[in-house]
Ligand SMILES: Nc1nc2c(ncn2[C@@H]2O[C@H](COP(=O)(O)OP(=O)(O)OP(=O)(O)O)[C@@H](O)[C@H]2O)c(=O)[nH]1
Ligand SMILES: [Mg+2]
């Protein structure tokens, strides 16, 4: 760690690492630049911060420009990106509106949504990105829809439980995903399953979501849907407009990303439990260190862990696999 960096600076840097939007990142970098001790030893770091700041400002401008125009991709933000896939009028946009601060158009006719729209969803102390999409259909779909869906970390397959054709809707989804060379899975694939994938096919974790559970016909359809697909994917019934099961949905979406939250602390200090680092499940201590700072990976000697698998403060080696909720003290 470069000498003389103050706790103020470290805290701004920590927030920068966890920032999910351009605006937040820019604010953190500005703060880091403001509080960094100004002397020869930090010249390089100051220059580096300024360079990153100007690049981010450019990117932020570009994003704003594309949002006004035609968006062909959705920049990932937060702990993971989940893209919604479903036929017209099932309530995808209503779900985005219910779970995030985004304000998509929700209307009682099909093909309301024409462009992808992201929103940030909060689950406890993490933010993840949910992307509303135009509906899928057998008729016309834009080619960028497959690109965005393939790029997602996970998929939310949305159907309307009040619709008598709900089973056809699930079929439509699987057919379209197959065309797009995406395999919706319940969880991580085994090595054999990976090898068995056709060329170009990407596996993506998926949750089958039955929306409009508040409607009369929904209960029966939900029973049938669970019976047919309940072993293939995790399933959940919700109502976007009545708020039914939305808390459970937030948790399921977090689970779908298959990540763990870890917290770092300095020796003798308390961890900041509001700002977790989110890591793919199976990550090691040294991978956490690399996320905190690129130099930390090479310099890391060992770590101490406060968590579920280890007794408090137990020393672990670089290859220790971190668990959900671990507090990690990095020793360089
Ligand atoms: N009863 C009920 N109606 C809902 C629910 N969710 C959405 N709706 C209604 O269903 C209609 C369609 O909702 P949208 O969110 O626009 O559906 P969409 O899937 O985004 O539709 P497209 O943009 O055409 O793909 C609207 O009239 C919503 O108010 C729900 O949970 N219960
Ligand atoms: Mg919509």
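In the working numbering, the protein residues as written are 591 to 922. Just so you know, even glycine gets a beta-carbon here, dropped at the ideal spot from N, CA and C. All figures in this text were calculated on a predicted structure; none of them were measured in a lab.
Residue i and residue j closer than 7 Å at C-beta
i: residue 563; j: residue 804; result: The first residue shown for the chain is 591 and the last is 922, placing residue 563 beyond what the model contains.
i: residue 802; j: residue 752; result: yes
i: residue 876; j: residue 890; result: yes
i: residue 639; j: residue 623; result: yes
i: residue 748; j: residue 674; result: yes
i: residue 918; j: residue 850; result: no
i: residue 618; j: residue 602; result: yes
i: residue 669; j: residue 721; result: no
i: residue 709; j: residue 688; result: no
i: residue 759; j: residue 706; result: no
i: residue 744; j: residue 794; result: yes
i: residue 812; j: residue 776; result: no
i: residue 763; j: residue 740; result: no
i: residue 837; j: residue 604; result: no
i: residue 615; j: residue 635; result: no
i: residue 910; j: residue 713; result: no
i: residue 887; j: residue 893; result: no
i: residue 724; j: residue 690; result: no
Distance cut-off 6 Å: residue i Cβ against heavy atoms of ligand 2
i: residue 739; result: no
i: residue 703; result: yes
Backbone secondary structure at residue i - three-state DSSP
i: residue 602; result: helix
i: residue 643; result: helix
i: residue 893; result: strand
i: residue 715; result: coil
i: residue 912; result: coil
i: residue 819; result: helix
i: residue 851; result: strand
i: residue 709; result: strand
i: residue 597; result: helix
i: residue 902; result: coil
i: residue 723; result: coil
i: residue 659; result: Reliability fails at residue 659, whose pLDDT of 45 lies under 50, so the model's placement of it is uncertain and the value that follows must be treated cautiously. The answer is coil: DSSP assigns residue 659 none of H, G, I, E or B.
i: residue 688; result: helix
i: residue 796; result: strand
i: residue 732; result: coil
i: residue 738; result: helix
i: residue 680; result: coil
i: residue 763; result: helix
i: residue 626; result: coil
i: residue 806; result: coil
i: residue 699; result: coil
i: residue 788; result: coil
i: residue 610; result: coil
i: residue 830; result: coil
i: residue 812; result: helix
Identified DSSP bridge partners for residue i
i: residue 824; result: Bridge partners of residue 824: none, in fact.
i: residue 801; result: 750
i: residue 874; result: 911
i: residue 866; result: Beta-bridge pairing links residue 866 to no other residue.
i: residue 671; result: 719
i: residue 775; result: 795
i: residue 744; result: 672 and 795
i: residue 919; result: 855 and 894
beta-carbon residue i near ligand 1 non-hydrogen atom, thresh 6 Å
i: residue 682; result: yes
i: residue 864; result: no
i: residue 891; result: no
i: residue 727; result: no
i: residue 754; result: no
i: residue 829; result: yes
i: residue 802; result: yes
i: residue 811; result: no
i: residue 805; result: yes
i: residue 835; result: no
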